[in-house]
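Protein chains in written order, with this note's numbering: chain Y, 21 to 348; chain W, 90 to 426.
Structure record follows, encoded as structure tokens.
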């Protein structure tokens, strides 16, 4: 089983130095990614899910950001954080590819799609321009763009939002990456288009054997797509488990509240929704305490002055909550 | 239904935005048919959910109702009074009964005004025009009671928007909308920009306020689950037309229009077991541009169930009984039989 692990992140900490103090955007996150598996990272805005993944690509602007601690072992061999800039450049877009939330801002509006796609292929795959163009057209066809041999010469503005996201996916998968990081890939899209794109990512990752890290705030997307789920709050992992475990039997009070507070189509409308009271915490100079305790309905005295550690439950489930400290 | 009083009645509302050519003369070269002839009504104390994809004209509809856009044609009757044709003073009076909540709590609050002055601005405006008799002390009192009502401490009165979180800002927006004791609130995607845990807080707040102040909502959202939660009736829009209107329960149990069916099947449900079993209807293609006059059904290009009749005829919104109206020929035949 362990041989399949292609990425093992351990104790990742990414801090930002700001005028107001140190922002602990990611503060101790660990997870594993196996070949062909889809891992979901869920959390609200500011929970550190995007910073986690930018750290993996070493794309954190430094200064002010800095990866303070942690390792990310790729293929059981190399630590990404110990790599030189040259080695990282070889990794980005080649072994690990990324798609972003807003396909308009992540494509260059001045360049034709062909130029942008060929650039990656020539750089990473030692192709000449002609081969790269043929490969680009093949990829566009794969993601379902009609008349790819003509559309490849279009500019980004000539595509609709959903089509642009397809171009992004084609570009990300063109070098046959082992890991695809999808950062809120459908949040800017309409539901009918979202369904198309999710279906596409799912079928392509199965076909090409790509492992996917899916970052999202939408629990519905996670439920439909992922094998494993990591829930984050205020820069920390609060819970980790398989998809079924998280939704059937959420352990952490935050996960429980999150699942209950979403209105659901398959259930008749309740009069009132469950809601987690209060506001998300400020992550600047967070004192030693459980960051969720002011909003938690099961808070105890210990939560207010001690930071909970990770407890490992049966089936390798992880939860960061004092409620389960005794269950080890 | 007839015993209920109609608060808002919209008839054949059209909003066509002109597209002009470049250059000096700015000739009109076409128009964007954002809203292309819609009818709906809202009864007192009722919430009408308006749902659809981006670009279908939901927000334009709300703006036309508030007269922020002058509609191209059609009537907007607020308590029987057609506010598209009234003089400016009359319109101001009508707007006291009709307030808006906007999507982005960051863009809809003036960063240079304090929370208190934002909330009291509607009162000030009407006071300055001599349309509202209210003293300074009363305004302060009103601000504090409104802030408590929406769940903000009145000590925050002198803070600026940047000192609040997204959810708290949206509460300020709600308080501002309530300042004039309106009857109708036009809520344009009020929870779309918020996180899940904050979203449920605001939805609960809106539900409580509706009962407390006997409000009616025109609630716009693209999230079908949110719409189901808050609405009594739901209208589904596509390309500037209403495709289906019905009681909320009926629509979600028994969707008739192929677009509504596809839309409902596309929404992910947060339960892995259900997700694995579900069959999705994946619509092909994108929403077409609303820049030309259509002679076919508006949904024709993407409809999985289209047939010959749909190509040359526009289906009307027909009531199939029990207030379930649908604009689709598939179901009109059943009525004829």
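Idealized CB from N, CA, C, for every residue including glycine.
Bear in mind the structure is a predicted one, so any value in this text is a computation, not a measurement.
Just to confirm before moving on: does the CB-CB distance between residue i and residue j stay below 7 Å?
{"i": "residue 361 of chain W", "j": "residue 51 of chain Y", "result": "no"}
{"i": "residue 164 of chain W", "j": "residue 100 of chain W", "result": "yes"}
{"i": "residue 232 of chain W", "j": "residue 277 of chain W", "result": "no"}
{"i": "residue 344 of chain W", "j": "residue 350 of chain W", "result": "yes"}
{"i": "residue 188 of chain W", "j": "residue 266 of chain W", "result": "yes"}
{"i": "residue 100 of chain Y", "j": "residue 92 of chain Y", "result": "yes"}
{"i": "residue 420 of chain W", "j": "residue 283 of chain Y", "result": "no"}
{"i": "residue 163 of chain Y", "j": "residue 186 of chain Y", "result": "yes"}
{"i": "residue 153 of chain W", "j": "residue 326 of chain W", "result": "no"}
{"i": "residue 103 of chain W", "j": "residue 119 of chain W", "result": "no"}
{"i": "residue 140 of chain W", "j": "residue 316 of chain W", "result": "yes"}
{"i": "residue 137 of chain Y", "j": "residue 188 of chain Y", "result": "no"}
{"i": "residue 500 of chain W", "j": "residue 182 of chain W", "result": "With chain W covering 90 to 426 only, the question about residue 500 of chain W has no answer from this structure."}
{"i": "residue 78 of chain Y", "j": "residue 42 of chain Y", "result": "no"}
{"i": "residue 337 of chain Y", "j": "residue 47 of chain Y", "result": "no"}
Based on the DSSP secondary-structure assignment, which residues constitute the bridge partners of residue i?
{"i": "residue 35 of chain Y", "result": "Y:44, Y:86"}
{"i": "residue 322 of chain W", "result": "W:137, W:336"}
{"i": "residue 108 of chain W", "result": "W:119"}
{"i": "residue 60 of chain Y", "result": "Y:234, Y:249"}
{"i": "residue 153 of chain Y", "result": "DSSP, once it has assigned bridges, lists no residue as partnering residue 153 of chain Y."}
{"i": "residue 188 of chain W", "result": "W:274"}
{"i": "residue 208 of chain Y", "result": "In DSSP, residue 208 of chain Y forms no bridge with anything."}
{"i": "residue 331 of chain Y", "result": "Y:339"}
{"i": "residue 54 of chain Y", "result": "Y:25"}
{"i": "residue 112 of chain Y", "result": "Y:116"}
{"i": "residue 94 of chain Y", "result": "Y:27, Y:98"}
{"i": "residue 219 of chain Y", "result": "Answer is none; residue 219 of chain Y lacks a bridge partner."}
{"i": "residue 327 of chain W", "result": "W:330"}
{"i": "residue 129 of chain W", "result": "W:99"}
{"i": "residue 308 of chain W", "result": "W:138, W:276"}
{"i": "residue 170 of chain W", "result": "W:167"}
{"i": "residue 203 of chain Y", "result": "Y:235"}
{"i": "residue 175 of chain W", "result": "Paired residue(s): none; residue 175 of chain W is not in a bridge."}
{"i": "residue 133 of chain Y", "result": "Residue 133 of chain Y is not bridged to any residue."}
{"i": "residue 415 of chain W", "result": "W:333, W:407"}
{"i": "residue 261 of chain W", "result": "None; residue 261 of chain W has no bridge partner."}
{"i": "residue 124 of chain W", "result": "W:104"}
{"i": "residue 162 of chain W", "result": "W:103"}
{"i": "residue 49 of chain Y", "result": "Y:32"}
Could you list which residues in chain Y have their beta carbon closer than 9 Å to that of residue i, in chain order?
{"i": "residue 192 of chain W", "result": "Ordered by position in chain Y, no residue passes the 9 Å Cβ test against residue 192 of chain W, which lies about 14 Å from the chain."}
{"i": "residue 167 of chain W", "result": "Result: empty, since nearest Cβ-Cβ is about 28 Å, beyond 9 Å."}
{"i": "residue 341 of chain W", "result": "285, 288, 289"}
Residues of chain W with a CB under 8 Å from the CB of residue i: which are they?
{"i": "residue 241 of chain Y", "result": "357"}
{"i": "residue 263 of chain Y", "result": "361"}
Report the neighbours of residue i on chain W: residues whose CB is nearer than 9 Å to its CB, in chain order.
{"i": "residue 202 of chain Y", "result": "Ordered by position in chain W, no residue passes the 9 Å Cβ test against residue 202 of chain Y, which lies about 15 Å from the chain."}
{"i": "residue 254 of chain Y", "result": "Near residue 254 of chain Y there are no residues of chain W at all, since even the closest Cβ is about 12 Å away, more than 9 Å."}
{"i": "residue 215 of chain Y", "result": "351, 354, 355, 356, 357, 369, 370, 371, 372"}
{"i": "residue 219 of chain Y", "result": "369, 371"}
{"i": "residue 60 of chain Y", "result": "In chain order: nothing, as chain W lies at least about 10 Å away."}
Whose Cβ in chain Y lies nearer than 7 Å to the Cβ of residue i?
{"i": "residue 259 of chain W", "result": "Simply none; closest approach about 12 Å."}
{"i": "residue 317 of chain W", "result": "283, 285, 289"}
{"i": "residue 296 of chain W", "result": "292"}
Going along chain W in order, which residues have a C-beta closer than 7 Å to the C-beta of residue i?
{"i": "residue 25 of chain Y", "result": "By Cβ distance, chain W contributes nothing, its closest Cβ being about 22 Å from residue 25 of chain Y, past 7 Å."}
{"i": "residue 180 of chain Y", "result": "375"}
{"i": "residue 237 of chain Y", "result": "284, 285"}
{"i": "residue 210 of chain Y", "result": "142, 143, 311"}
{"i": "residue 65 of chain Y", "result": "284"}
{"i": "residue 165 of chain Y", "result": "Neighbours of residue 165 of chain Y on chain W: none; closest Cβ ~12 Å, over 7 Å."}
{"i": "residue 296 of chain Y", "result": "286"}
Check whether the stretch 116–124 of chain Y and the stretch 194–207 of chain Y touch, using three or more Cβ-Cβ pairs below 8 Å as the test.
Inter-segment contact for the stretch 116–124 of chain Y and the stretch 194–207 of chain Y is present: three or more beta-carbon pairs are separated by less than 8 Å.
Give the list of continuous beta strand (DSSP E) stretches no shorter than 3 residues that lie fully inside the stretch 229–284 of chain Y.
You should have 231–236, 248–253, 256–262.
Quick check for students: name the residue ranges of the alpha helix (DSSP H) that lie wholly in the stretch 221–245 of chain W, counting only runs of 4 or more.
Inside the stretch 221–245 of chain W, DSSP marks whole alpha helix (DSSP H) runs of 4 or more residues at positions 225–238, from first to last along the chain.
Segment contact, 8 Å Cβ cut-off, at least three pairs: the stretch 200–219 of chain Y with the stretch 363–375 of chain W:
Touching, yes.
The stretch 264–279 of chain Y / the stretch 336–345 of chain Y touching (three or more Cβ pairs under 8 Å):
A contact exists between the stretch 264–279 of chain Y and the stretch 336–345 of chain Y.
For the 8 Å Cβ check, are there 3 or more pairs between the stretch 328–339 of chain W and the stretch 407–422 of chain W?
With the cut-off at 8 Å, the stretch 328–339 of chain W and the stretch 407–422 of chain W touch.
Pairing CB atoms from the stretch 279–296 of chain W with CB atoms from the stretch 50–66 of chain Y, are three or more of them under 8 Å?
Result yes; three or more Cβ-Cβ pairs closer than 8 Å.
Which full runs of the alpha helix (DSSP H) of 4+ residues lie inside the stretch 330–409 of chain W, going along the chain?
The qualifying runs are 337–342, 347–355, 361–366, 397–401.
Report yes or no: do the stretch 37–52 of chain Y and the stretch 172–179 of chain Y share at least 3 C-beta pairs separated by less than 8 Å?
No, because fewer than three Cβ pairs between the stretch 37–52 of chain Y and the stretch 172–179 of chain Y fall closer than 8 Å, the two stretches do not touch.
Segment contact, 8 Å Cβ cut-off, at least three pairs: the stretch 293–305 of chain Y with the stretch 220–232 of chain Y
Verdict: no, contact absent.
Counting beta carbon pairs with one atom in the stretch 240–251 of chain Y and one in the stretch 378–395 of chain W, are three or more of them shorter than 8 Å?
Because the criterion of three Cβ pairs below 8 Å is not met, the stretch 378–395 of chain W and the stretch 240–251 of chain Y do not touch.
Examine the Cβ distances between the stretch 287–307 of chain W and the stretch 257–265 of chain W and report whether three or more of them are shorter than 8 Å.
With a cut-off of 8 Å, the stretch 257–265 of chain W and the stretch 287–307 of chain W count as touching, because enough Cβ pairs lie within range.
With contact counted as at least three CB pairs below 8 Å, one residue from each stretch, are the stretch 103–114 of chain W and the stretch 321–335 of chain Y in contact?
Too few Cβ pairs lie closer than 8 Å, so no.
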